[in-house]
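Protein chains: 2
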Amino acid sequence: MSVAKRKEQEKIEMHKRILDSARKIFLEKGYEQTSIRNIASAISYSPGSIYFYFKDKNEIFHELHKEGFRLFLSQMKALDVIEDPYERYKALGLVFIRFAQNHTDYYNLMFLVSETGKAEGEGFQIAQGAIEHLSGVIQQCQDQGRFRGLDNKYLTLMTLSLVHGICSLYCKDRMSGFFEKSSEELMIHGYETFIALIESK
Amino acid sequence: MSVAKRKEQEKIEMHKRILDSARKIFLEKGYEQTSIRNIASAISYSPGSIYFYFKDKNEIFHELHKEGFRLFLSQMKALDVIEDPYERYKALGLVFIRFAQNHTDYYNLMFLVSETGKAEGEGFQIAQGAIEHLSGVIQQCQDQGRFRGLDNKYLTLMTLSLVHGICSLYCKDRMSGFFEKSSEELMIHGYETFIALIESK
DNA sequence: TGTTTTATTGAACACCGTTCAATACATTTG
DNA sequence: CAAATGTATTGAACGGTGTTCAATAAAACA
C-alpha cells in the first residue's frame, strides 16, 4: 500500500500548495478581491483543478478562518504560565490587541468578513473555546474575590466586546485620525483605561 | 426657466428612484451581493443609465453610508433634552445599541463593510462629529466630578469601543449561542455591566 | 499490454462593474 | 413647422468573477 500512501501524501501536498497560495492572496486582498483564478495561476494551476481539492471558494476561506482561530487560541493558551488569574485576565486582552496588530489580515478574515455566514463552521467552535477560556479565567478572579457582584457571563461578554471593539476599529482603520496619537498607542491606552476602571472592583 | 427647473426636478427624482432601489437591495443583501443590474432592473432601467446619475457603485454606496450616519447622529442629538450629563452619557450607549438592533443593515453598511476604504468620505466626517459629541458629554460628566483621573479622550475611545464591540458581535450574529439568552438581552446586560463598572467612578 | 482509476485541463455558462457608440426624446432655434 | 441642438437612455461589448463538465492526460493496476 505504499503507492496509495504516496498518492495520499501528494494530494495533501497539493491541498497545502493551494492553501498557501490562497492564504497569501486572501490575507493581502481580502475575500472578495481574491479569485480562484488568481489562486490557481499563482501556482501555475488551472482554475478548474482547484475544485478537485476544495468544494468551493468558501471552503478555502473557512480553512484559513480555522487556521486563524487556532493561531489565536494558541496565543491565549500561552498565558497559562501566568499564575495570578487577574494578571492572566489583563494579559488576555493584550493578546487580543497584539493579535489584531500583528495579524490584522487574519483578524479581518476571522471577525470582520461577512461571507462566513452565521455561527457555522469549525472556526466558531474554536472561538467558543476561547470564550470559555476567558470566562474561566474571570471565574478564577471572582473566586479570589474580584469583580464582586458582577455576573460572570456578562462580564465575559463585556470584556470580549471591549477588546473586540478596540480591535475592530483598529482593523478597519477607524482609529487613526480620531486623536493625534498613533492607532497602536490608542488601543493600549483605551484598554488601560478599561483596566483602570475594573481594577477597583 | 420653468423648463430647466422641471428637468432638474426630474433628474433629482430619478436620482432618488435609483437610490431607493439601491437602498432596498444594499440593506438586504450587503455590498457585494448588490449589483448595478439588480438596482436597475428593479426600477425597469438599463444598467448603463445608472451611470448617468452616479459615478459608480461606490458612489451609490457612499450616499447610503452618509444617510445612515445622518440618521444615527439625529438619534444621538435627540438625547440633548436630557439634563443630567451622566444620564445623557448612559443613554448614548443605548442609542448605539438600539440603532444596531433596529437598523442592523445600516449598521453593517456603516461600520462593518470594508469597501468604503480608509477615513474618506462625508460619512466619516459625520462620524467624527458623533465622537466629538460623545467626548463633550463625557467632559460634562467630568466637570461634575465624575470619571476622576481618567483621560477624556481615552474614556471616549473606550466607551466607543465597548458599544461598538457589542454591536459588532450582534450584527455579525456572533452573540447568539454564546449563552442561553437572546442576543438583544445580552447586549443590554453587557452594557449594564459596563455601566455598573463605571458607575462608582 | 490493455484497462481502469485518478488528476488536470480549458472551454463554456451565467453573472459582475463599467464604457460607449448608437439612438430616442425634448427643447430650442431658424 | 422643420431642423438642429442637447439631454437621457439603451444594449452590446470588454474583461473580470465562481463554477461545471466533457475531454484528456497520467498513473496504477490487471
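In the order they appear, the protein sequences are chains A and B.
Per the numbering used here, residue 11 is the first one in the first sequence, and the count goes up by one each step.
Per the numbering used here, residue 11 is the first one in the second sequence, and the count goes up by one each step.
Note that the Cβ used here is the ideal one computed from N, Cα and C, for glycine as well.
Beta carbon proximity, residue i to chain A, threshold 7 Å
i: Ile49 of chain B; result: no
i: Ser59 of chain B; result: no
i: Met168 of chain B; result: yes
i: Glu42 of chain B; result: yes
i: Thr203 of chain B; result: yes
i: Ser45 of chain B; result: no
i: Tyr96 of chain B; result: no
i: Gly21 of chain B; result: The amino acid at residue 21 of chain B is misidentified as Gly; the sequence shows Lys. No, its Cβ sits nowhere closer than 7 Å to a Cβ of chain A.
i: Lys163 of chain B; result: yes
Three-way DSSP call (helix, strand, coil) for residue i in this model
i: Lys128 of chain B; result: The predicted position of Lys128 of chain B is uncertain, since its pLDDT is 47 and thus under 50; a value taken from the coordinates is nonetheless stated next. Looking at Lys128 of chain B - three-state DSSP - the assignment turns out to be coil, as it is neither helix nor strand.
i: Phe121 of chain B; result: helix
i: Phe189 of chain B; result: strand
i: Asp66 of chain B; result: coil
i: Gly40 of chain B; result: coil
i: Tyr116 of chain A; result: helix
i: Ser210 of chain B; result: coil
i: Tyr55 of chain B; result: coil
i: Ile92 of chain B; result: coil
i: Arg16 of chain A; result: helix
i: Arg184 of chain A; result: coil
Boundaries (first-last residue) of the alpha helix (DSSP H) holding residue i
i: Ala101 of chain A; result: 95 to 112
i: Phe157 of chain B; result: It is not in any alpha helix (DSSP H) - Phe157 of chain B carries neither H nor E in the DSSP assignment.
i: Thr166 of chain A; result: 162 to 181
i: Ile46 of chain A; result: 46 to 52
C-beta neighbour in chain B for residue i, strict 7 Å
i: His199 of chain A; result: yes
i: Gly131 of chain A; result: no
i: Ile28 of chain A; result: no
i: Thr114 of chain A; result: no
i: Ser193 of chain A; result: no
i: Ile176 of chain A; result: yes
i: Lys128 of chain A; result: The predicted position of Lys128 of chain A is uncertain, since its pLDDT is 47 and thus under 50; a value taken from the coordinates is nonetheless stated next. At least one chain B Cβ lies under 7 Å of Lys128 of chain A.
i: Phe62 of chain A; result: no
i: Phe189 of chain A; result: yes
i: Leu37 of chain A; result: no
i: Leu196 of chain A; result: yes
i: Leu207 of chain A; result: yes
i: Leu172 of chain A; result: yes
i: Arg108 of chain A; result: no
Candidates the options, of which the one nearest residue i by Cα
i: Ile136 of chain B; options: A:Glu18, A:Arg27, A:Phe188, A:Gln43; result: A:Phe188
i: Ala206 of chain B; options: A:Ser171, A:Phe157, A:Phe121, A:Lys191; result: A:Phe157
i: Val123 of chain A; options: B:Arg16, B:Leu179, B:Ile198; result: B:Leu179
i: Ile28 of chain A; options: A:Gly159, A:Tyr41, A:Ser51, A:Phe106; result: A:Ser51
i: Glu209 of chain A; options: A:Tyr99, A:Lys163, A:Phe134, A:Glu190; result: A:Tyr99
i: Arg33 of chain B; options: B:Glu69, B:Gln19, B:Gly58; result: B:Glu69
i: Ile35 of chain A; options: A:Val173, A:Phe71, A:Lys191; result: A:Phe71
i: Glu77 of chain A; options: A:Arg184, A:Tyr117, A:Lys39; result: A:Tyr117
i: Lys182 of chain A; options: B:Thr44, B:His174, B:Met185, B:Asp183; result: B:His174
**OP:** May I ask you to list, following chain order, the residues of the stretch 143 to 156 of chain B that have a beta carbon less than 9 Å from some beta carbon of chain A?
**Re:** Result list empty, no residue passes.
**OP:** Residues of the stretch 70 to 82 of chain A with a CB closer than 8 Å to any CB of chain B: list them in chain order, please.
**Re:** none
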